[in-house]
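> Residue numbers (my numbering): 4 to 244.
Note that beta-carbon positions come from the ideal geometry of N, C-alpha and C, so glycine has one too.
Bear in mind that the values here come from a model prediction, so they are computed numbers and not experimental data.
Quick one: structure below, then a few questions.
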(Lines of atoms letter the chains of each structure in order from A and count residues from 1; the text may use other names and numbers.)
(Lines give C-alpha, C1' and ligand atoms only; values in the text may rest on other atoms or scores of the structure.)
Protein backbone atom coordinates (compact mmCIF):
# COMPACT_ATOMS: atom_id res chain seq x y z
CA UNK A 1 0.00 0.00 0.00
CA UNK A 2 1.28 3.45 -0.92
CA UNK A 3 0.42 6.41 1.28
CA UNK A 4 1.00 10.10 0.55
CA UNK A 5 1.28 12.48 3.50
CA UNK A 6 0.89 16.21 2.85
CA UNK A 7 3.92 17.73 4.58
CA UNK A 8 5.19 21.13 5.64
CA UNK A 9 8.68 20.43 6.87
CA UNK A 10 8.47 17.73 9.52
CA UNK A 11 4.76 18.31 10.22
CA UNK A 12 1.57 17.19 8.53
CA UNK A 13 0.26 20.09 6.47
CA UNK A 14 -3.15 21.49 7.43
CA UNK A 15 -3.92 21.86 3.73
CA UNK A 16 -3.46 19.01 1.26
CA UNK A 17 -3.00 21.22 -1.81
CA UNK A 18 -0.77 23.95 -0.45
CA UNK A 19 1.75 21.73 1.32
CA UNK A 20 5.41 22.10 0.40
CA UNK A 21 5.91 18.40 -0.33
CA UNK A 22 4.50 14.90 -0.03
CA UNK A 23 6.08 12.11 1.98
CA UNK A 24 5.22 8.89 0.18
CA UNK A 25 5.64 5.62 2.00
CA UNK A 26 5.06 2.06 0.87
CA UNK A 27 3.79 -0.23 3.61
CA UNK A 28 3.91 -4.00 3.41
CA UNK A 29 3.53 -6.55 6.17
CA UNK A 30 3.29 -3.88 8.84
CA UNK A 31 6.58 -2.27 7.80
CA UNK A 32 7.66 0.70 5.73
CA UNK A 33 9.63 -0.81 2.86
CA UNK A 34 10.15 2.37 0.86
CA UNK A 35 9.99 6.10 1.49
CA UNK A 36 10.47 9.16 -0.69
CA UNK A 37 9.86 12.88 -0.58
CA UNK A 38 8.45 14.64 -3.64
CA UNK A 39 7.84 18.39 -4.01
CA UNK A 40 4.29 19.60 -4.47
CA UNK A 41 3.88 19.62 -8.27
CA UNK A 42 1.21 22.31 -8.20
CA UNK A 43 -2.43 22.64 -7.27
CA UNK A 44 -4.60 22.85 -10.37
CA UNK A 45 -8.21 21.64 -10.35
CA UNK A 46 -8.26 17.84 -10.48
CA UNK A 47 -4.52 17.55 -11.02
CA UNK A 48 -3.28 16.18 -7.69
CA UNK A 49 -5.63 13.17 -7.49
CA UNK A 50 -4.57 12.11 -10.99
CA UNK A 51 -0.89 12.83 -10.28
CA UNK A 52 -0.80 10.80 -7.07
CA UNK A 53 -2.79 7.99 -8.68
CA UNK A 54 -0.09 7.74 -11.35
CA UNK A 55 2.42 7.31 -8.52
CA UNK A 56 0.40 4.34 -7.27
CA UNK A 57 -0.89 6.10 -4.14
CA UNK A 58 -3.78 4.35 -2.39
CA UNK A 59 -4.30 6.76 0.52
CA UNK A 60 -3.63 10.44 1.23
CA UNK A 61 -3.25 11.90 4.71
CA UNK A 62 -3.65 15.63 5.41
CA UNK A 63 -4.96 18.11 7.92
CA UNK A 64 -7.79 19.29 5.72
CA UNK A 65 -9.45 18.79 2.35
CA UNK A 66 -12.66 20.00 0.75
CA UNK A 67 -15.50 17.67 -0.28
CA UNK A 68 -14.90 18.12 -4.01
CA UNK A 69 -11.26 17.16 -3.66
CA UNK A 70 -12.24 14.13 -1.57
CA UNK A 71 -14.67 13.12 -4.29
CA UNK A 72 -11.96 13.40 -6.95
CA UNK A 73 -9.59 11.27 -4.90
CA UNK A 74 -12.37 8.72 -4.44
CA UNK A 75 -12.84 8.57 -8.22
CA UNK A 76 -9.18 7.54 -8.45
CA UNK A 77 -9.67 4.91 -5.72
CA UNK A 78 -7.56 6.90 -3.26
CA UNK A 79 -8.73 6.88 0.35
CA UNK A 80 -8.60 10.24 2.17
CA UNK A 81 -7.72 10.56 5.84
CA UNK A 82 -8.14 14.15 7.07
CA UNK A 83 -8.02 16.00 10.36
CA UNK A 84 -4.60 14.51 11.04
CA UNK A 85 -2.05 16.58 12.96
CA UNK A 86 1.43 16.03 14.32
CA UNK A 87 4.87 15.15 13.06
CA UNK A 88 5.37 13.03 9.96
CA UNK A 89 7.25 10.42 11.99
CA UNK A 90 4.45 10.10 14.56
CA UNK A 91 1.82 9.80 11.84
CA UNK A 92 3.77 7.12 9.98
CA UNK A 93 4.27 5.17 13.20
CA UNK A 94 0.56 5.31 14.06
CA UNK A 95 -0.46 4.41 10.52
CA UNK A 96 1.79 1.36 10.42
CA UNK A 97 0.42 0.23 13.80
CA UNK A 98 -3.12 0.87 12.49
CA UNK A 99 -3.73 3.40 15.25
CA UNK A 100 -4.11 6.52 13.11
CA UNK A 101 -7.59 8.01 13.17
CA UNK A 102 -9.16 10.87 11.27
CA UNK A 103 -9.85 13.99 13.30
CA UNK A 104 -11.77 17.18 12.78
CA UNK A 105 -11.03 18.38 9.25
CA UNK A 106 -8.94 21.54 9.43
CA UNK A 107 -10.49 22.95 6.26
CA UNK A 108 -14.23 23.61 6.12
CA UNK A 109 -15.11 24.87 2.66
CA UNK A 110 -16.83 24.02 -0.58
CA UNK A 111 -14.03 23.41 -3.06
CA UNK A 112 -10.39 23.34 -2.16
CA UNK A 113 -9.61 22.61 -5.78
CA UNK A 114 -10.34 26.28 -6.46
CA UNK A 115 -8.39 27.67 -3.51
CA UNK A 116 -11.54 28.57 -1.66
CA UNK A 117 -10.89 30.06 1.77
CA UNK A 118 -11.19 27.46 4.48
CA UNK A 119 -12.44 28.16 7.97
CA UNK A 120 -10.61 26.12 10.60
CA UNK A 121 -13.70 25.64 12.72
CA UNK A 122 -17.32 24.56 12.59
CA UNK A 123 -18.74 27.91 13.65
CA UNK A 124 -19.81 30.75 11.39
CA UNK A 125 -17.32 33.49 10.62
CA UNK A 126 -19.62 36.45 11.15
CA UNK A 127 -18.33 38.55 14.03
CA UNK A 128 -20.08 40.54 16.75
CA UNK A 129 -20.02 44.26 17.39
CA UNK A 130 -16.74 45.34 18.97
CA UNK A 131 -14.79 42.40 17.61
CA UNK A 132 -11.81 43.06 15.36
CA UNK A 133 -10.54 41.47 12.16
CA UNK A 134 -6.84 40.80 11.55
CA UNK A 135 -5.38 40.39 8.07
CA UNK A 136 -1.82 39.23 7.36
CA UNK A 137 -0.18 41.78 5.08
CA UNK A 138 3.04 42.45 3.23
CA UNK A 139 2.84 46.18 4.02
CA UNK A 140 1.49 48.55 6.66
CA UNK A 141 -1.60 49.86 4.85
CA UNK A 142 -4.87 48.72 3.29
CA UNK A 143 -3.38 48.67 -0.21
CA UNK A 144 -0.84 46.04 0.82
CA UNK A 145 -1.14 42.52 -0.54
CA UNK A 146 -2.19 39.65 1.70
CA UNK A 147 0.83 37.77 3.01
CA UNK A 148 0.16 34.01 2.75
CA UNK A 149 2.28 33.15 5.81
CA UNK A 150 0.56 33.72 9.13
CA UNK A 151 3.49 33.50 11.54
CA UNK A 152 5.99 35.01 9.10
CA UNK A 153 3.78 37.83 7.88
CA UNK A 154 5.59 41.20 8.09
CA UNK A 155 2.45 43.01 9.28
CA UNK A 156 -0.93 42.40 10.85
CA UNK A 157 -3.59 44.90 9.78
CA UNK A 158 -6.19 44.99 12.56
CA UNK A 159 -9.52 46.49 11.54
CA UNK A 160 -12.68 47.52 13.36
CA UNK A 161 -15.39 46.43 10.88
CA UNK A 162 -17.89 48.88 12.38
CA UNK A 163 -15.81 52.04 11.93
CA UNK A 164 -13.28 50.76 9.36
CA UNK A 165 -10.50 52.23 11.47
CA UNK A 166 -7.34 50.17 11.31
CA UNK A 167 -3.92 49.81 12.90
CA UNK A 168 -0.85 48.22 11.33
CA UNK A 169 1.23 46.12 13.70
CA UNK A 170 4.70 45.03 12.61
CA UNK A 171 5.14 41.34 13.42
CA UNK A 172 7.84 41.16 16.12
CA UNK A 173 8.06 37.38 15.76
CA UNK A 174 8.65 37.21 12.01
CA UNK A 175 12.28 36.10 12.30
CA UNK A 176 11.88 33.58 15.13
CA UNK A 177 13.42 30.23 14.28
CA UNK A 178 10.54 28.44 16.02
CA UNK A 179 7.17 29.34 17.44
CA UNK A 180 6.45 32.39 15.28
CA UNK A 181 2.88 31.28 14.62
CA UNK A 182 2.11 30.60 18.27
CA UNK A 183 3.55 33.93 19.43
CA UNK A 184 1.67 35.77 16.68
CA UNK A 185 -1.57 34.08 17.72
CA UNK A 186 -1.10 35.30 21.28
CA UNK A 187 -0.40 38.82 20.01
CA UNK A 188 -3.67 38.92 18.07
CA UNK A 189 -5.61 37.64 21.07
CA UNK A 190 -4.21 40.51 23.15
CA UNK A 191 -5.44 42.97 20.51
CA UNK A 192 -9.04 41.75 20.74
CA UNK A 193 -9.04 40.01 17.36
CA UNK A 194 -11.88 37.54 16.76
CA UNK A 195 -11.41 36.75 13.05
CA UNK A 196 -8.17 36.15 11.14
CA UNK A 197 -7.96 36.28 7.34
CA UNK A 198 -4.73 34.84 5.95
CA UNK A 199 -3.17 32.61 3.32
CA UNK A 200 -2.28 29.64 5.47
CA UNK A 201 -1.85 28.77 9.12
CA UNK A 202 -0.09 25.80 10.70
CA UNK A 203 -1.85 23.35 13.03
CA UNK A 204 -0.17 24.51 16.25
CA UNK A 205 -0.92 28.18 15.60
CA UNK A 206 -4.49 27.22 14.61
CA UNK A 207 -4.96 25.47 17.94
CA UNK A 208 -3.76 28.54 19.86
CA UNK A 209 -5.98 30.83 17.80
CA UNK A 210 -9.03 28.66 18.34
CA UNK A 211 -8.31 28.36 22.05
CA UNK A 212 -8.19 32.17 22.17
CA UNK A 213 -11.60 32.44 20.49
CA UNK A 214 -10.17 33.60 17.17
CA UNK A 215 -11.78 32.12 14.08
CA UNK A 216 -9.49 31.48 11.11
CA UNK A 217 -10.12 31.77 7.38
CA UNK A 218 -7.29 30.70 5.07
CA UNK A 219 -6.78 30.66 1.30
CA UNK A 220 -7.26 34.45 1.15
CA UNK A 221 -5.45 36.50 -1.52
CA UNK A 222 -5.50 39.99 -3.02
CA UNK A 223 -5.12 43.30 -1.20
CA UNK A 224 -6.19 43.94 2.38
CA UNK A 225 -8.75 46.49 1.20
CA UNK A 226 -10.25 44.09 -1.36
CA UNK A 227 -10.46 41.34 1.22
CA UNK A 228 -12.20 43.50 3.81
CA UNK A 229 -14.57 44.99 1.23
CA UNK A 230 -15.53 41.51 0.08
CA UNK A 231 -16.17 40.36 3.62
CA UNK A 232 -18.32 43.38 4.48
CA UNK A 233 -20.18 43.38 1.15
CA UNK A 234 -21.23 39.77 1.28
CA UNK A 235 -22.27 39.83 4.95
CA UNK A 236 -22.89 36.11 4.82
CA UNK A 237 -22.44 33.78 7.73
CA UNK A 238 -19.43 32.22 6.13
CA UNK A 239 -16.54 34.02 4.49
CA UNK A 240 -17.36 34.22 0.74
CA UNK A 241 -15.49 31.99 -1.68
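#1: By Cβ distance, which residues of its chain are closer than 7 Å to residue 106, with the 5 residues on each side in sequence left out?
#2: If I'm right that residue 13 touches residue 53 with Cβ under 8 Å, what's the distance once you round it to whole angstroms?
#3: According to DSSP, is residue 57 helix, strand or coil?
#4: For the beta strand (DSSP E) containing residue 148, name the first residue and the last one.
#5: Where residue 161 and residue 225 are concerned, what is the direct C-alpha to C-alpha distance, given to the nearest angstrom?
#6: Do residue 65 and residue 9 count as a contact pair if the criterion is CB distance below 8 Å?
#7: Between residue 208 and residue 154, what straight-line distance do the alpha-carbon atoms span, to the nearest angstrom?
#8: Looking only at its chain, what residues have a beta carbon closer than 8 Å to the beta carbon of residue 91, apart from the 5 residues adjacent to it on each side?
#9: Using only the alpha-carbon positions, how far apart do residue 227 and residue 170 sit?
#10: Only counting the same chain, and skipping five residues up and downstream in sequence, which positions put a Cβ closer than 8 Å to that of residue 216?
#11: Considering only C-alpha positions, which residue in the set 211, 152, 143 and 135 is nearest to residue 245?
#12: Taking only three categories from DSSP, how would you classify residue 212?
#13: State the DSSP-derived secondary structure class of residue 229, mapped to helix, strand or coil.
#14: Which word fits residue 101, buried or exposed, when buried means at least 16 other C-beta atoms lie within 10 angstroms of its C-beta?
#15: So residue 157 and residue 150 are in contact, right, with Cβ under 8 Å, and what is the actual spacing, rounded?
#16: Can you find the residues in the same chain that come closer than 8 Å, C-beta to C-beta, to residue 84, ignoring five residues on each side of it along the sequence?
#17: Does the distance from the C-beta atom of residue 220 to that of residue 190 stay below 8 Å?
#18: Over what stretch of residues does the alpha helix (DSSP H) that includes residue 74 continue unbroken?
#19: Give me whichever residues DSSP pairs with residue 38 in a beta bridge.
#20: Does residue 223 come out as helix, strand or coil in the three-state DSSP assignment?
#21: Just confirm the distance between the C-beta atoms of residue 99 and residue 35, as a whole number of angstroms; I'd bet it's less than 8 Å.
#22: With a threshold of 16 other CB atoms inside 10 Å of the CB of residue 230, please say whether the residue is buried or exposed.
#23: Indicate whether residue 21 and residue 203 have their beta-carbon atoms separated by less than 8 Å.
#24: If you draw a straight line from the C-alpha of residue 95 to the C-alpha of residue 38, how long is it?
#25: Determine the extent of the alpha helix (DSSP H) in which residue 96 is found, giving its start and end residues.
#26: Could you tell me the alpha carbon to alpha carbon distance between residue 183 and residue 177, rounded to whole angstroms?
From the atom records:
#1: 86, 87 and 88
#2: The Cβ separation is near 28 Å, so there is no contact.
#3: helix
#4: Boundaries cannot be given for residue 148, as no beta strand (DSSP E) includes it and DSSP labels it neither H nor E.
#5: 16 Å
#6: In this structure, residue 65 lies closer than 8 Å to residue 9 by Cβ.
#7: 8 Å
#8: 8, 10, 13, 14, 15 and 26
#9: 12 Å
#10: 192 and 197
#11: Past the boundaries of the shown model lies residue 245; the chain is included only from 4 to 244, so the question cannot be answered.
#12: For residue 212, the secondary structure class from DSSP, reduced to helix, strand or coil, is helix.
#13: Assignment of residue 229 by DSSP, reduced to helix, strand and coil, places it in the helix class.
#14: Label assigned to residue 101: exposed.
#15: 6 Å
#16: If we look at residue 84 and ignore the five residues flanking it on each side, its Cβ neighbours are 62, 63, 64, 65, 103 and 105.
#17: no
#18: 70-78
#19: 28
#20: coil
#21: 6 Å
#22: buried
#23: yes
#24: 11 Å
#25: 91-99
#26: 6 Å
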